[in-house]
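Reviewing the structure listed below.
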Amino acid sequence: STLYYLLITVTTVLFLCNRYANAGEKLIVELKDFSRSELKACGFTLNSESPVHIKALGASTDRKNKSRGDMFAYGWIINSETREKVWMMDPNNTSRSGDDRKFDEYITLPKGTYEIYFTAPYFSYQSSFTKINTNVDHRHDDELFDIGGRHNFFFSWLEDWFGGDMRKEWFKRSKNWGVEIYIDEKNPVTMFNPPKDFPNILFRAVNLGENEFIKQGFSLNKPLAIHIYALGEGIKDEELSDYGYIVDAKTHKRIWEMKRGNITKAGGADKNIKFDAAVNFNAGNYIVYYYTDDSHSSVDWNDSPPYDPLNYGISLYGHDEKDKPVFKLFTPSDEENVIVSITKVGNDETRSEGFTLKKDANVRIYSIGERYSSRRQMADYGWIINAKTREKVWEMNVDKTVHAGGGSKNRMIDEVISLPKGSYMVFYQSDDSHSYDDWNVSPSYDPKHWGITVYAVDGDFDKSTVEKYIEERDKNIIAQIIKVRDNANLSETFKLTEPTRVRIYAIGEGARREMSDYGWVEQATTGKVVWEMTYSMTFHAGGARKNRLVNTTILLDKGEYRLRYVSDDSHSFNKWNDDPPDDAQYWGIILYRELEVKDKN
Numbered sequence: 188s189t190l191y192y193l194l195i196t197v198t199t200v201l202f203l204c205n206r207y208a209n210a211g212e213k214l215i216v217e218l219k220d221f222s223r224s225e226l227k228a229c230g231f232t233l234n235s236e237s238p239v240h241i242k243a244l245g246a247s248t249d250r251k252n253k254s255r256g257d258m259f260a261y262g263w264i265i266n267s268e269t270r271e272k273v274w275m276m277d278p279n280n281t282s283r284s285g286d287d288r289k290f291d292e293y294i295t296l297p298k299g300t301y302e303i304y305f306t307a308p309y310f311s312y313q314s315s316f317t318k319i320n321t322n323v324d325h326r327h328d329d330e331l332f333d334i335g336g337r338h339n340f341f342f343s344w345l346e347d348w349f350g351g352d353m354r355k356e357w358f359k360r361s362k363n364w365g366v367e368i369y370i371d372e373k374n375p376v377t378m379f380n381p382p383k384d385f386p387n388i389l390f391r392a393v394n395l396g397e398n399e400f401i402k403q404g405f406s407l408n409k410p411l412a413i414h415i416y417a418l419g420e421g422i423k424d425e426e427l428s429d430y431g432y433i434v435d436a437k438t439h440k441r442i443w444e445m446k447r448g449n450i451t452k453a454g455g456a457d458k459n460i461k462f463d464a465a466v467n468f469n470a471g472n473y474i475v476y477y478y479t480d481d482s483h484s485s486v487d488w489n490d491s492p493p494y495d496p497l498n499y500g501i502s503l504y505g506h507d508e509k510d511k512p513v514f515k516l517f518t519p520s521d522e523e524n525v526i527v528s529i530t531k532v533g534n535d536e537t538r539s540e541g542f543t544l545k546k547d548a549n550v551r552i553y554s555i556g557e558r559y560s561s562r563r564q565m566a567d568y569g570w571i572i573n574a575k576t577r578e579k580v581w582e583m584n585v586d587k588t589v590h591a592g593g594g595s596k597n598r599m600i601d602e603v604i605s606l607p608k609g610s611y612m613v614f615y616q617s618d619d620s621h622s623y624d625d626w627n628v629s630p631s632y633d634p635k636h637w638g639i640t641v642y643a644v645d646g647d648f649d650k651s652t653v654e655k656y657i658e659e660r661d662k663n664i665i666a667q668i669i670k671v672r673d674n675a676n677l678s679e680t681f682k683l684t685e686p687t688r689v690r691i692y693a694i695g696e697g698a699r700r701e702m703s704d705y706g707w708v709e710q711a712t713t714g715k716v717v718w719e720m721t722y723s724m725t726f727h728a729g730g731a732r733k734n735r736l737v738n739t740t741i742l743l744d745k746g747e748y749r750l751r752y753v754s755d756d757s758h759s760f761n762k763w764n765d766d767p768p769d770d771a772q773y774w775g776i777i778l779y780r781e782l783e784v785k786d787k788n
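See below:
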């Protein structure tokens with residue numbers, strides 16, 4: 188795009204035979220003027236070992252003391268085959284030249300292919316009153332400098348006060364920054380546009396910008412060792428910001444991922460990271476993912492770029508030519524075989540949808556939500572219950588989640604589980620902040636799927652084996668009192684004509700070993716309590732700790748009974764003063780006729 192070439196200029200400079208640094212030398216590379224570009228590059232091939240004369244002018248954050256400060260305008264050379272740095276300007280090998288630093292030396296390079304880069308990603312402005320380091324964003328000529336964020340009052344004031352002087356000094360100095368390379372005029376040299384392609388490339392997604400979401404499927408018809416070369420971003424002790432991973436397309440289990448234990452420094456800023464190794468894959472189908480956040484990418488480096496900036500992203504390549512026929516790309520789809528989709532969930536929502544499986548099935552659950560700052564539980568999350576028994580069959584457990592991109596509290600689960608035939612209810616609940624289209628930190632890399640989606644994954648999936656489930660009063664319900672509000676005192680009578688096993692499912696409120704919203708069963712004629720919901724028999728019902736649940740079975744003789752439920756003046760159905768329970772629709776008590784095993788089908 189026009190924007191990309193404005194920001195990153197890849198320059199091939201042919202021989203300029205009439206330009207010499209010293210007698211007998213010819214200029215082969217000239218990368219100059221960084222007033223409108225933050226990165227320029229050029230490639231060259233030497234046919235034999237050669238002395239190389241490098242003349243460069245850059246800048247450091249400390250103008251006076253070369254042992255302190257970092258270079259913010261500088262050049263470097265990498266070996267095109269190994270992608271490793273072979274030379275770089277730094278405060279120790281440069282000398283002062285006014286406010287800048289210069290390099291004018293010879294280095295010897297072996298026969299080979301090389302790439303030279305020069306960058307000026309940010310500016311360090313110094314005056315008698317202040318010292319300011321500011322990102323330089325060439326996409327916004329009217330807002331070239333970004334001092335601490337454009338919406339920060341204090342930094343905006345600094346920019347208003349010093350911005351004019353900074354801009355003037357920037358253009359004056361940056362026009363002179365750059366690098367020239369000279370070699371012996373008798374030595375042949377070949378020029379090319381970097382980066383040099385990897386041999387036996389299978390897939391690449393590089394030069395990635397901000398908020399990129401790469402998703403690419405590939406198939407292997409036999410086991411293959413694939414070399415993965417991935418560059419990204421990750422600040423120490425924080426979640427990775429720009430990174431990739433590969434999952435099995437059937438199970439969605441992660442086969443490979445960039446993580447703290449397998450990445451190394453990629454050069455430049457400390458947050459630049461790299462994975463560079465071969466990974467063994469079995470025959471099968473896979474999906475490669477790569478995400479970037481909203482800063483520090485190929486469109487605008489807010490700190491020093493990695494040594495191999497034009498390969499920012501992920502590349503997969505084989506070891507020789509015969510690997511290519513083994514590898515085949517395909518386009519994965521997230522919208523095939525969708526059973527339930529509860530997505531784009533906003534603040535303070537509780538949404539649900541049901542489905543019925545007519546036979547046992549494997550289903551994929553893809554859920555993205557928010558983790559509380561305590562990191563011990565989820566604030567926005569999903570779960571699945573058996574629609575008949577109300578038993579939870581799956582939940583978005585915080586300990587099983589992984590980072591979903593953006594803010595560290597964005598979490599996701601992508602896994603396949605087995606469900607027996609039956610009816611299920613899928614729920615998703617959000618708190619009062621950080622939800623779809625109303626984020627309070629950077630959103631997930633896949634914001635449109637904020638919520639929960641259930642997919643069928645069996646290869647022979649038949650849509651006729653799944654149908655929508657709509658909750659109705661179960662024919663096996665003997666009596667029920669649900670959706671109970673504040674200050675309730677409700678009852679329902681029922682009659683049993685024979686001794687009956689009864690399953691009691693009740694949700695209420697309890698704290699300090701006392702119940703305030705609860706139910707019981709009493710004899711209709713005498714009022715004698717035959718069963719009561721006590722705190723000691725309950726367990727956590729999800730949401731706030733005071734949400735309590737009991738799911739038990741008792742034997743009742745034939746006779747007339749009364750089902751009772753009472754509540755206090757707070758925290759009840761749709762009037763919660765804390766997080767609601769997982770099965771909020773059933774706040775109250777239900778009695779089910781427990782069927783014999785032979786009758787359950």
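188 is the number of the first residue of the sequence shown in my numbering; add one for each residue after it.
Using N, Cα and C, we set each Cβ at its ideal position, and we do this for glycine too.
Please read these numbers as outputs of a predicted model, since none were measured by experiment.
Would you mind working out which of Glu659, Glu540 and Ala392 sits nearest Ser611, comparing C-alpha positions? Start at 1 with the first residue of the sequence shown, and residue 611 comes out as number 424. The sequence shown places Tyr at residue 611, rather than the Ser named in the question. Comparing Cα positions, the closest option is Glu540.
By DSSP, does Glu781 sit in helix, in strand, or in coil? Indexing the sequence shown from 1 puts residue 781 at position 594. Coil at Glu781, not helix or strand.
Flag this pair as yes or no: are the beta carbons of Gly455 and Ser491 separated by less than 8 Å? Within the sequence shown, the letter at position 268 stands for residue 455. Within the sequence shown, the letter at position 304 stands for residue 491. Contact flag set, yes.
On a Cα-Cα basis, can you pick out the residue from Met353, Gly775 and Ile413 that is closest to Ser678? On the sequence shown, residue 678 is found 491 positions in, with the first residue counted as 1. Looking at the Cα atoms, Gly775 is the closest of the given residues.
In angstroms with no decimal places, state the Cα-to-Cα distance between Trp348 and Gly262. Here residue 348 is taken as the residue at index 161 of the sequence shown, counted from 1. Here residue 262 is taken as the residue at index 75 of the sequence shown, counted from 1. Its pLDDT being 47, under 50, Trp348 is placed unreliably in this model, and the coordinates cannot settle the point.
Work out the CA separation of Phe259 and Ala307 for me, nearest whole Å. Start at 1 with the first residue of the sequence shown, and residue 307 comes out as number 120. Start at 1 with the first residue of the sequence shown, and residue 259 comes out as number 72. Going from the Cα of Ala307 to the Cα of Phe259 covers about 6 Å.
Met378, enclosing beta strand (DSSP E) - first and last residue: Mapped onto the sequence shown, residue 378 falls at position 191. For Met378, the enclosing beta strand (DSSP E) covers residues Val376 to Phe379.
Residues near Ile501 by beta carbon distance below 6 Å, same chain, minus five either side: Taking the first residue of the sequence shown as 1, we reach residue 501 at position 314. Contacts found: Ala392, Ala417, Gly431 and Tyr477.
Can you check which of these residues, Asp770, Ala771, Arg354 and Leu427, is closest to Gly593 by C-alpha distance? The count along the sequence shown starts at 1 and reaches residue 593 at position 406. Here the closest residue by C-alpha is Leu427.
I'd like to know if the region 396 to 412 and the region 516 to 524 are in contact, where contact means that at least 3 CB-CB pairs between them fall below 8 Å. Flag = yes, the region 396 to 412 and the region 516 to 524 touch.
Would a C-beta distance cut-off of 8 Å place Tyr705 and Val753 closer than the cut-off? The residue you call residue 705 lines up with position 518 of the sequence shown. The residue you call residue 753 lines up with position 566 of the sequence shown. Val753 sits close to Tyr705, with the two beta carbons spaced by under 8 Å.
Buried/exposed call for Ser235, threshold 16 Cβ in 10 Å: Looking up residue 235 in the sequence shown gives position 48. Its Cβ having fewer than 16 others within 10 Å, Ser235 is exposed.
To the nearest angstrom, how far is it from the Cα of Glu268 to the Cα of Thr640? Mapped onto the sequence shown, residue 268 falls at position 81. Mapped onto the sequence shown, residue 640 falls at position 453. Rounded to the nearest angstrom, the two C-alpha atoms are 44 Å apart.
Proximity to Ala731 [Cα-Cα], best of Glu696, Gly299 and Asn663: For the purposes of this step, residue 731 is identified with residue 544 of the sequence shown, where counting begins at 1. The candidate whose alpha carbon is nearest that of Ala731 is Glu696.
If distances are taken between C-alpha atoms only, which option among Asp756, Arg780 and His758 comes closest to Leu743? Start at 1 with the first residue of the sequence shown, and residue 743 comes out as number 556. Its Cα nearest to that of Leu743, the residue Arg780 stands out among Asp756, Arg780 and His758.
Pro297 to Ser237 span [Cα, whole Å]: What you label residue 297 is simply residue 110 of the sequence shown in a count that begins at 1. What you label residue 237 is simply residue 50 of the sequence shown in a count that begins at 1. CA-CA distance, Pro297 to Ser237, rounds to 6 Å.
Count the other CB atoms, across all protein chains shown, that sit within 10 Å of the CB of Ser254; report buried if there are 16 or more and exposed otherwise. Locating residue 254 in the sequence shown gives position 67, counting from the first residue. With a pLDDT of only 49 at Ser254, under the threshold of 50, the placement of this residue in the model should not be trusted; the figure read from the coordinates follows. It is exposed - the Cβ of Ser254 has fewer than 16 other Cβ atoms within 10 Å.
Smallest Cα separation from Arg326: which of Ile294, Glu397 and Leu233? Within the sequence shown, residue 326 is the residue found at index 139, counting from 1. Ranked by Cα distance from Arg326, the first of Ile294, Glu397 and Leu233 is Glu397.
Leaving out five residues on either side along the sequence, give the residues of the same chain with a beta carbon under 6 Å from the beta carbon of Pro768. The residue labelled residue 768 in the question sits at position 581 within the sequence shown. If we look at Pro768 and ignore the five residues flanking it on each side, its Cβ neighbours are Ile694, Ala728, Gly729, Gly730 and Asn734.
Buried or exposed for Ile691, going by 16 or more other Cβ atoms inside 10 Å? The count along the sequence shown starts at 1 and reaches residue 691 at position 504. By the 10 Å Cβ count, Ile691 comes out buried.
Is Ile669 near the ligand GTP, judged by its Cβ being under 7 Å from some heavy atom? In the structure on display, the ligand GTP does not appear, and there are no ligands present to speak of.
On the DSSP bridge assignment, give the partners of Lys318 in chain order. For the purposes of this step, residue 318 is identified with residue 131 of the sequence shown, where counting begins at 1. As computed with DSSP, Lys318 is found in a beta bridge with Gln313.
Are there 16 or more other CB atoms within 10 angstroms of the CB of Glu264, so buried, or fewer, so exposed? Position 77 of the sequence shown, counting from 1, holds the residue named residue 264. According to the sequence displayed, residue 264 carries Ile and not Glu. Residue environment analysis places Ile264 among the buried positions, since at least 16 neighbouring C-beta atoms fall within 10 angstroms of its C-beta.
Three-state secondary structure assigned by DSSP to Asp769: Mapped onto the sequence shown, residue 769 falls at position 582. It is coil, neither helix nor strand.
Which of helix, strand or coil DSSP assigns to Lys402: Position 215 of the sequence shown, counting from 1, holds the residue named residue 402. In this structure, DSSP gives Lys402 an extended state, which the three-state scheme calls strand.
Which residue comes first and which comes last in the beta strand (DSSP E) that contains Ser703? Within the sequence shown, the letter at position 516 stands for residue 703. Glu701 to Gln710 is the extent of the beta strand (DSSP E) around Ser703.
Could you name each continuous beta strand (DSSP E) segment of 3 residues or more that falls completely within the region 478 to 530, going from the start of the chain to the end? Counting only runs of 3 or more, we get 500 to 504, 514 to 517 and 525 to 529.
Could you check where the beta strand (DSSP E) with Val434 kicks off and where it finishes? What you label residue 434 is simply residue 247 of the sequence shown in a count that begins at 1. Tyr430 to Asp435 is the extent of the beta strand (DSSP E) around Val434.
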